[in-house]
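I have placed the structure first, in the form of structure tokens, so that the comments after it can refer back to it.
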Amino acid sequence: MGNAMRHWMGLVGWVVGMGALTAGAQPAGDVTGVYKKEGGKLAIVQGDNETLVHYQGSFPQGDSAGTCECTLVVKSKTATRWTLAGPDLAPGKLSLDVAPGRFVLTGANPGCCGAGWPGREEFSRAQAATPPASCKVSAPRVYFQATDEGNTQRKAYVVQGDTVEAYLPATEPDLVPARFKGKKTTAGLLQRTQLECTAAPAAAAPPAVKAEQLQPLAGKWVELTKKGKGYVIYKPCSAETRAFTVQPDGARMEIQLGQESTSARVTKLQPGAGTGAYVLELTPEGGQGEQVEWKVTDAAKGIVSLTSPGLFSQSHTYVRDAKKGAFRVEAEKNCESEHD
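In structure tokens, the structure reads:
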């Protein structure tokens, strides 16, 4: 029995129980891919059993920016609207309007977004979507998992050597939306560590930004945490203080996320709105570019704010390392020692 038939037979019972698609309502064509705009990404992974939607976005939230990161499943479809579901939504709701020229995400109070999400986000379909990454399964057997609260293991699985398509968010979550294409196309969540992925084919790799262009941003920057009317440098018990370093030679940014680190090439740099503001594109090895907004909030104190859908979605304010002495270091309390 071939791999595709084996995977599909394991899934038949689940599909019959779900009954998600309205008869005759399946939109024509496959819309799988990543749709991008300034400050947001909409990724769609379409299968015969279900369709997954991953949304990343940022929006104004007072003096800073709020963010969204939602992994959802299409609960029901008509020709023009998809109703989305998943534990990320609680207590709110979202739907996706499907039109020839655009996707429009609408809803209220989704739990995967910060307070004040405007309730609407539009993504153009004028340009072709970026295809998902191509990945080889590296483990003997990897089961698809559901988008419910416990990520329930499905009966369907892929085996070592199978090729799947996956959307890889810059935040590198444990589970990524993916699909296996055989006689039928099976979609679901797969363990990222069990996949060896290459970037989607492109006409050419984006060129790196020239070193002299990055000089105003060069050096190490340390995260500041708001406290009262000012800022402190927060030191967690079991993680590093978040920071990043811009390296003009090689046009790279090294990013410390706390308990892990990553790096990316700076593949675009253009002026932003305001003095000292920039819009950067960071492209990780084998990944997709992510737009980062860089704004100077206090030039004298060396403070900047960074906002993006992924890498800087939960970390916004930074100070130049050379000027961090002006801020008090506050260590997390009640840390257990290694000998406790």
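Residue numbering for the sequence shown is -25 to -1, 1 to 315, as defined by mature numbering (1 follows the signal peptide of the UniProt record, and there is no 0).
Using N, Cα and C, we set each Cβ at its ideal position, and we do this for glycine too.
In terms of DSSP beta bridges, what is residue i paired with?
i: residue 218; result: 197, 231
i: residue 110; result: 139, 172
i: residue 70; result: 58, 81
i: residue 47; result: 28
i: residue 99; result: 77
i: residue 88; result: 43
i: residue 120; result: 128, 164
i: residue 258; result: 240
May I have the straight-line CA-CA distance separating residue i from residue j, to the nearest angstrom?
i: residue 40; j: residue 158; result: 44 angstroms
i: residue 164; j: residue 302; result: 43 angstroms
i: residue 172; j: residue 155; result: 14 angstroms
i: residue -2; j: residue 152; result: With a pLDDT of only 32 at residue -2, under 50, the local geometry of the prediction cannot be trusted, and no value is derived from it.
i: residue 205; j: residue 276; result: 12 angstroms
i: residue 73; j: residue 30; result: 15 angstroms
i: residue 143; j: residue 11; result: 14 angstroms
i: residue 169; j: residue 119; result: 11 angstroms
i: residue 48; j: residue 162; result: 10 angstroms
i: residue 23; j: residue 160; result: 5 angstroms
i: residue 135; j: residue 110; result: 11 angstroms
i: residue 68; j: residue 86; result: 9 angstroms
i: residue 131; j: residue 21; result: 16 angstroms
i: residue 296; j: residue 210; result: 15 angstroms
i: residue 13; j: residue 145; result: 16 angstroms
i: residue 201; j: residue 150; result: 31 angstroms
i: residue 294; j: residue 197; result: 5 angstroms
i: residue 282; j: residue 15; result: 11 angstroms
i: residue 233; j: residue 84; result: 29 angstroms
i: residue -24; j: residue 36; result: Residue confidence is low: residue -24 scores 43 on pLDDT, short of 50, so the model does not pin down where it sits. Its coordinate-derived value is still stated next. Residue -24 and residue 36: Cα-Cα distance of roughly 52 angstroms.
Who are the Cβ neighbours of residue i in its own chain at under 7 angstroms, not counting the five residues just before and after it?
i: residue 231; result: 215, 217, 218, 219
i: residue 19; result: 6, 7, 8, 26, 28
i: residue 223; result: 186, 189, 190, 193
i: residue 117; result: 132, 133, 165, 166, 169
Quick check on this structure: which residue in the options has the alpha carbon closest to the alpha carbon of residue i?
i: residue 243; options: 126, 66, 82, 186; result: 186
i: residue 258; options: 196, 229, 203, 131; result: 229
i: residue 361; options: 97, 69, 65; result: For the chain, the structure presents residues -25 to 315; residue 361 sits outside this window and is missing.
i: residue 106; options: 307, 207, 17; result: 17
i: residue 115; options: 80, 227, 137; result: 137
i: residue 139; options: 129, 131, 108; result: 108
i: residue 79; options: 90, 65, 55, 88; result: 55
i: residue 82; options: 235, 112, 43, 199; result: 43
i: residue 396; options: 307, 233, 299; result: Nothing in the structure corresponds to residue 396, since the chain is present only between -25 and 315.
i: residue 89; options: 128, 34, 307; result: 34
i: residue 235; options: 103, 283, 148, 45; result: 148
i: residue 248; options: 237, 283, 268, 238; result: 268
i: residue 305; options: 4, 199, 282; result: 199
i: residue 50; options: 70, 288, 221; result: 70
Excluding sequence positions up to five away, which residues of its chain have a Cβ less than 6 angstroms from the Cβ of residue i?
i: residue 280; result: 270, 272, 291, 292
i: residue 256; result: 242, 243, 264, 266
i: residue 310; result: 212
i: residue 100; result: 76, 77
i: residue 95; result: 81
i: residue 45; result: 30, 63, 87
i: residue 307; result: 211, 212
i: residue 245; result: 254
Leaving aside the five residues before and after residue i along the sequence, list all residues of the same chain whose C-beta is less than 8 angstroms from its C-beta, in chain order.
i: residue 274; result: 250, 251
i: residue 226; result: 183, 184, 185, 186, 189, 240, 241, 242
i: residue 93; result: 34
i: residue 103; result: 8
Do the stretch 121 to 132 and the stretch 59 to 72 meet, that is, are 3 or more Cβ pairs less than 8 angstroms apart? Contact between the stretch 121 to 132 and the stretch 59 to 72 is present, because at least three Cβ pairs lie under 8 angstroms.
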